[in-house]
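Asks:
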Amino acid sequence: MPPKSAAIAAAPASSAWSIFWIFLRLGLTSFGGPIAHLGYYRNEFVLRRAWLDEARYGDLVALCQFLPGPASTQVSFSLGVLRGGGLAGGLAAWLGFTLPSALLMFSFALGAAHLAGPSAAGVVHGLKLVAVAVVAQAVWGMARTLTPDRQRIAIALVAIGIVVMADGPAGQLTAIAVGALAGHRLCRGTVAQPVGQLSMPVSRRAGWAALVLFALLLLALPLLAGLAAYRPLTLFDAFYRSGALVFGGGHVVLPMLQAETVATGWVSSETFLAGYGLAQALPGPVFAFAAFLGAQAGMTAGAPAGAALALLGLFLPGLLLVYGTLPFWDSFRRHAAARRAMMGANAAVVGILAAALYHPVWTGAVFDIRDAAIALGGFMLLAVWKAPSWIVVILSAAAGGLLATV
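Heads up, the sequence shown is in this note's numbering, so the first residue is 268 and it goes up one at a time.
Now the structure itself:
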């Protein structure tokens, strides 16, 4: 009798349509953020459906956490590739998982302009305070995981200094590059050898094509956007660059997108933070926040087009990277130098997110002691009592609305 892993590998492929419906259900019910999503996937595809075994699932998660981009979405995309036998299955999984939260964020963008009155303004302000609590929890958790020693704490502190002195995308990119170089030099003796093996139905030629396309878009889009001065191209470029630089988790997209949308005047700081706060209450990927921002930024040229371009731009680099890396992962991950560089880059990300926690998140939402109390209460609910994000969103929005009327 063949081993279980061999039986799983030989299982017949599913149609893209059936994969879409499976992930659509998950997209409607998967609350709790990226870490919770990985638990949902394990229950659904390892324990219940037996699409793959524990070892292969763990290796897949390790790959997606290593790469820039939204890890939980990259895992879902890769599961679709595995089960569907190629790219069509991956795209079906991505679309099904992303569509519900993207449509909800787009609807909120259309309705936000019609919110009026003290109570509505208070609710929006409460959503901004949710962002304070969520980002504080992310910094707290990521610092414990990604900066556990003095070398990586130092890298995070240097990253804070870099982004404070050089605000915007250039400062963030510099901080990540410096962190990667410092990690390569300083994080010796802390890298464990990987275990397991990951085999996926992606050819090396297809992998190289995806990686080359990723690099071409990253280099060419800023040049084309500068030459053409075409608003949709500029919008797509801004979100693509943000998605390409998201190391360490979905919450890291906040400072990236803030630099691209708020600093450029496309979206106000208040609207940005309110939308990010609401995104915490929804199922599915945090990156669906792009639909809200794209609709807001594209109001003059068409909200649906802006939302679609922003969503595609933010998700595309992560999907290209994971698809391109799948055929090479087993050999690449055994290079200690690459893993050390990623450890340094992740430590720098902690510094970038910590700087964003102060500005714009804290400075844009906390104006008095009552705001601070709501934000602190939300943080305690998330970090200490482990409350679901959607409960914190409801309570903070209600508190904001109530305080606005007294």
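The C-beta atom is built at its ideal place from N, Cα and C for all residues, glycine as well.
As the structure is a prediction and not an experimental result, all values here were calculated from the model.
Could you round the C-beta distance between A570 and A376 to whole angstroms and report it? I think they count as a contact, below 8 Å.
Replies: 7 Å
Asks: Note down the Cα distance separating G573 from M609, rounded to an integer number of angstroms.
Replies: 33 Å
Asks: State the start and end residues of the unbroken alpha helix (DSSP H) segment that holds A240.
Replies: The chain is shown from 268 up to 673; residue 240 falls before or after that span and cannot be answered.
Asks: Taking the Cβ atom as the reference point for each residue, do S343 and W361 lie within a distance shorter than 9 Å?
Replies: yes
Asks: What does the Cβ neighbour count give for K653, buried or exposed, with the cut at 16 atoms within 10 Å?
Replies: exposed
Asks: Are the beta-carbon atoms belonging to Y308 and L346 less than 9 Å from one another?
Replies: yes
Asks: P367 to S509, Cα distance in whole Å?
Replies: 22 Å
Asks: What's the call for A277, buried or exposed, on a 16-neighbour Cβ count within 10 Å?
Replies: With a pLDDT of only 43 at A277, under 50, the local geometry of the prediction cannot be trusted, and the value read off the model is given with reservation. Exposed, because fewer than 16 other Cβ atoms sit within 10 Å of the Cβ of A277.
Asks: Taking the alpha carbon of L649 as the reference point, which residue from A400, R455 and P627 has its own alpha carbon closest?
Replies: A400
Asks: Nearest-angstrom Cα distance between G450 and A666?
Replies: Looking at the two C-alpha atoms, the distance is approximately 43 Å.
Asks: State the start and end residues of the unbroken alpha helix (DSSP H) segment that holds L330.
Replies: E321 to F333 is the extent of the alpha helix (DSSP H) around L330.
Asks: Roughly how many angstroms lie between the CA atoms of L327 and G363, to the nearest whole one?
Replies: 20 Å
Asks: Given a cut-off of 9 Å on the beta-carbon distance, is the pair A410 and V589 in contact?
Replies: If you check the CB distance, A410 and V589 do not come in under 9 Å.
Asks: Measuring alpha carbon to alpha carbon, tell me which of I422, F312 and G378 ends up nearest R607.
Replies: I422
Asks: If you count every other CB in all the chains shown that lies within 10 Å of the CB of Y625, and 16 or more means buried, which is it?
Replies: exposed
Asks: What's the call for M268, buried or exposed, on a 16-neighbour Cβ count within 10 Å?
Replies: Unreliable placement is indicated for M268, whose pLDDT of 40 sits below 50; the coordinate value is still reported in the next sentence. Answer is exposed; the Cβ neighbour count stays below 16.
Asks: Under the three-state reduction of DSSP, which class applies to P415: helix, strand or coil?
Replies: coil
Asks: Hey, could you find the ends of the alpha helix (DSSP H) Q439 is sitting in?
Replies: P436 to L453
Asks: Which ranges does the beta strand (DSSP E) cover as unbroken runs of at least 3 residues, wholly within the segment 336-416, from first to last along the chain?
Replies: none
Asks: List in chain order: all unbroken alpha helix (DSSP H) runs of 4+ residues lying wholly within the segment 536-564.
Replies: 536-546 and 556-564
Asks: Among A403, P522 and P499, which one has its Cα closest to the Cα of A639?
Replies: A403
Asks: Just the Cα atoms here: how many angstroms apart are G352 and A280?
Replies: 6 Å
Asks: Does the beta-carbon distance from F539 to P627 come in below 9 Å?
Replies: yes
Asks: Tell me whether H602 is buried or exposed, calling it buried when 16 or more other Cβ atoms sit within 10 Å of its Cβ.
Replies: exposed
Asks: Whose C-beta lies closer than 8 Å to the C-beta of L500 among residues of the same chain, with five residues either side of it excluded?
Replies: Only L488, L491 and A492 meet the Cβ criterion.
Asks: Would you kindly work out how many angstroms separate the C-alpha atoms of V397 and G645, rounded to a whole number?
Replies: 7 Å
Asks: Verify whether the separation of the beta carbon atoms of L486 and G591 is less than 9 Å.
Replies: Against a cut-off of 9 Å, the Cβ pair of G591 and L486 comes out as no contact.
Asks: Within the same chain, show all residues whose beta-carbon is closer than 6 Å to that of L549, passing over the 5 residues directly before and after it, in chain order.
Replies: S368 and L371
Asks: Is it buried or exposed for R323, if we count other Cβ within 10 angstroms and need 16 for buried?
Replies: buried
Asks: Can you name, in chain order, every residue of its own chain whose Cβ lies under 6 Å from the Cβ of P436, other than the five neighbours on each side?
Replies: A526
Asks: Going by alpha carbons, who is nearest to D434 out of L319, I658, S663 and L524?
Replies: L524
Asks: Does the Cβ of D504 have 16 or more other Cβ atoms within 10 Å, making it buried, or fewer, making it exposed?
Replies: So D504 counts as buried.
Asks: Closest by CA to L330, which one among A605, I636 and A671?
Replies: A605
Asks: In three-state terms, what does DSSP make of T672?
Replies: Three-state result, T672: coil.
Asks: Which residues in the same chain as G668 place their Cβ atom closer than 6 Å to its Cβ, once the five residues preceding and following it in sequence are excluded?
Replies: S386, G389 and V390
Asks: Taking DSSP as the reference, what is the three-state secondary structure of T501?
Replies: Looking at T501 - three-state DSSP - the assignment turns out to be helix.
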